[in-house]
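Notes to accompany the following structure.
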Amino acid sequence: MSLLKVEQLSKVYTNNIAALQGVSFQIERGEIVGIVGESGSGKSTLTKLILGLESYKQGCITFNEQQIPPKKRADVRAYRKNIQMVFQDTNSALNPKLPIGKSLLEPLNNFTDFTPSYLPPGKHTNREKAERLLEMVGLEKVMVDRYPDELSGGQKQRVCIARAISIEPALLVCDEATASLDVSVQVRILELLKTLQRNLQMSILFISHDIRTVTNLCDIILVMKNGCLVDHFQLSDLYAPERHSYTKALLQAAML
Ligand SMILES: Nc1ncnc2c1ncn2[C@@H]1O[C@H](COP(=O)(O)OP(=O)(O)OP(=O)(O)O)[C@@H](O)[C@H]1O
Ligand SMILES: [Mg+2]
Numbered sequence: 001m002s003l004l005k006v007e008q009l010s011k012v013y014t015n016n017i018a019a020l021q022g023v024s025f026q027i028e029r030g031e032i033v034g035i036v037g038e039s040g041s042g043k044s045t046l047t048k049l050i051l052g053l054e055s056y057k058q059g060c061i062t063f064n065e066q067q068i069p070p071k072k073r074a075d076v077r078a079y080r081k082n083i084q085m086v087f088q089d090t091n092s093a094l095n096p097k098l099p100i101g102k103s104l105l106e107p108l109n110n111f112t113d114f115t116p117s118y119l120p121p122g123k124h125t126n127r128e129k130a131e132r133l134l135e136m137v138g139l140e141k142v143m144v145d146r147y148p149d150e151l152s153g154g155q156k157q158r159v160c161i162a163r164a165i166s167i168e169p170a171l172l173v174c175d176e177a178t179a180s181l182d183v184s185v186q187v188r189i190l191e192l193l194k195t196l197q198r199n200l201q202m203s204i205l206f207i208s209h210d211i212r213t214v215t216n217l218c219d220i221i222l223v224m225k226n227g228c229l230v231d232h233f234q235l236s237d238l239y240a241p242e243r244h245s246y247t248k249a250l251l252q253a254a255m256l
């Protein structure tokens, strides 16, 4: 049973822009899937549909065999817990008035019945939980009391990742999560995502306009152009002759 299944999904915005046209793919448990494509190819639209932030009329999305967006309220809650998101813009993702420790614990406070596997058995104070999360993303414990404007872009993105994985989602969706970071920080964030994926056994859907980043992280790569999925392959087949001409052009432009 696939974790996420997208079948013949299309989306036309009210201005008649066909942002997605018959997109189909699936994500299995523990897979890291990358979607790459130029600006305007429909990547964020796809993310919004998967997260239930935009409606669609054609096609079907199922998560754990359940239709997205779910019909019953109880199912919406489970789905919210199981798909978490990391965005490009860390400034709007973190409340500037809240110390990092408080921002970090928002999801855990919404799902108080959830017991994290990354905490030792027993009771924990909020500070202990926040410190453990910071440790998992390679940040120092003293960050608990700091405010977002006292952190670098890379540190803020680590906080956003810690917050997203705090309730151990089955699927982590990252939309251009490393796009604003300089290359050395990008590489370290990708390493962090790989480690967290292994330790927490989650799946990752990683969206980027940069094929270099996607090939660095992902096992399976989907290529989008003008709302269509034009290529779909395992990383080991990156240089196979049957790659779509657009994939080849992206590789050439990135000098890969
Ligand atoms: N809310 C909206 N209303 C109308 N058109 C939209 C809306 N959101 C996106 N679009 C259009 O849909 C198309 C796909 O946009 P989308 O944001 O999904 O692209 P993207 O691949 O994420 O691009 P980028 O790499 O720049 O983030 C574009 O032509 C865009 O102008
Ligand atoms: Mg986008």
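Be aware that the sequence shown starts at 1, since it is given in the UniProt record's numbering, and climbs by one per residue. Beta carbons: idealized from backbone N, C-alpha and C, even for Gly.
In the three-state reduction of the DSSP assignment, Ala93 falls in the helix class.
Closest in C-alpha terms to Val223, from the list Gln84, Ser41 and Pro121, comes Ser41.
One residue list follows from the rule of a beta carbon closer than 6 Å to any heavy atom of ligand 1, given in chain order as Tyr13, Asn15, Ile17, Ala19, Gly37, Ser39, Gly40, Ser41, Gly42, Lys43, Ser44, Thr45 and His209. Using a Cβ distance threshold of 8 Å, Gln201 and Gly30 count as a contacting pair. Inclusion of Leu192 and Leu217 in the CB contact set at 8 Å is not warranted, their separation being larger than that value. For Cys60, the CB contacts under 6 Å within the same chain, skipping 5 residues up- and downstream, are Glu7 in chain order. Within a 10 Å sphere around the beta-carbon of Arg73 sit fewer than 16 other beta-carbons, which makes this residue exposed. Annotation: Asp75 is outside any beta strand (DSSP E); the continuous alpha helix (DSSP H) that includes it extends over Arg73 to Asn82.
With respect to the 8 Å criterion, Val173 and Leu94 are not classified as neighbours on the basis of their beta carbons. Excluding five sequence positions before and after Pro69, the CB atoms of its chain that fall closer than 6 Å to its own CB belong to Gly52, given in chain order.
Where Glu135 is concerned, there is no enclosing beta strand (DSSP E), although the alpha helix (DSSP H) around it starts and stops at Asn126 to Met136.
In the displayed model, Ser166 falls within coil according to three-state DSSP, outside both helix and strand.
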